[in-house]
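Participant:
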Amino acid sequence: MEAPTPLPLSFFSRPTQVVARELIGCHLAIKRNGATKRYTISETEAYDGFDDLASHASRGKTKRNEIMFREAGHIYVYLCYGLHWMFNVVTGAAGYPAAVLIRGVRTQDGNLQYNGPAKLTKALGLTDAYNGQILSRDLGLWIEARKPASPKPIITATARIGVDYAGPIWAEKHYRFLLA
DNA sequence: GCAGTGATCATA
DNA sequence: ATGATCACTGCC
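If you're matching positions, the first sequence starts at 164 in our numbering and goes up one per residue.
Here's what the structure looks like:
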């Protein structure tokens with residue numbers, strides 16, 4: 164059987180809300196020690212541009228968030244609350260800060276679920292070693308499209324989690340996407 | 001409900 | 001140099 168192709172970087176070079184929604188049902192692939200593991204993406208959140216007060220980028224470019232300003236397909240990993248790694252994929256045009264936080268995955272057989280951004284980075288071993296890299300087969304970390312034959316995922320959108328500090332306008336936007 | 005935990009950023 | 005904050009989790 165032919166190996167599935169990684170999503171092209173042009174997939175990510177679109178509005179972050181679109182990418183966040185379409186990533187649901189796609190497969191996160193990790194190759195380590197010659198073995199590739201695949202996980203179905205079940206929860207995402209979009210962080211969009213300069214004005215989004217929930218986004219790190221809303222207060223301008225800094226040493227930490229400059230990854231968000233790079234070309235789509237870059238990986239942005241940062242430490243939250245001193246102990247949790249958060250895994251994001253940069254989206255949109257270069258120079259425009261946007262990213263999708265991967266918040267949940269499940270194994271393809273559905274037996275294991277990691278529902279929580281820090282739980283999945285811990286389970287999958289995703290750390291700042293990937294920060295600033297680009298998704299690719301060479302890196303050993305990439306994302307594949309949902310199999311065309313598989314049923315179309317049922318997706319719901321809700322407000323994002325843990326962003327009340329951003330104020331109601333931005334906290335209430337339905338930028339979180341979930342696989343039913 | 002809230003402690004843990006430390007990088008990051010604004011302020012000085 | 002200091003202090004507040006934080007895209008969370010797990011245990012009370």
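Where a beta carbon is used, it is the ideal one built from N, C-alpha and C, also for glycine.
1. What does DSSP give as the partner residues of T319 in its beta bridges?
2. So, S324 versus R339, is the Cβ gap smaller than 8 Å?
3. Identify the continuous alpha helix (DSSP H) that holds R269 and give its terminal residues.
4. Considering E206, what are the terminal residues of the beta strand (DSSP E) in which it resides?
5. Could you compute how far the alpha carbon of L246 sits from the alpha carbon of V240?
6. Examine the ligand GDP and report whether any of its heavy atoms sits within less than 7 Å of the Cβ of Y338.
7. Assuming the contact rule is C-beta atoms closer than 8 Å, G260 and A220 should be a hit. Round their C-beta distance to whole Å, please.
8. Would you call the CB atoms of R266 and T207 closer than 8 Å?
9. Where does G137 land, buried or exposed, given buried means 16+ other C-beta within 10 angstroms?
10. Which word fits Y277, buried or exposed, when buried means at least 16 other C-beta atoms lie within 10 angstroms of its C-beta?
Facilitator: In short, the structure shows the following:
1. L341
2. According to the sequence as given, residue 324 is Ile; it is not Ser. In this structure, R339 lies closer than 8 Å to I324 by Cβ.
3. First-last for R269: A261 to T270, but that is the beta strand (DSSP E), not the alpha helix (DSSP H).
4. A198 to D211
5. Distance between the alpha carbons of L246 and V240: 12 Å.
6. Of ligands this structure carries none, so the ligand GDP is not represented either.
7. The residue you asked about is not Gly; residue 260 is Pro in the sequence shown. Right, their Cβ atoms sit about 3 Å apart.
8. yes
9. Absent from the model: residue 137. The displayed extent of the chain is 164 to 343, so no value can be given.
10. buried
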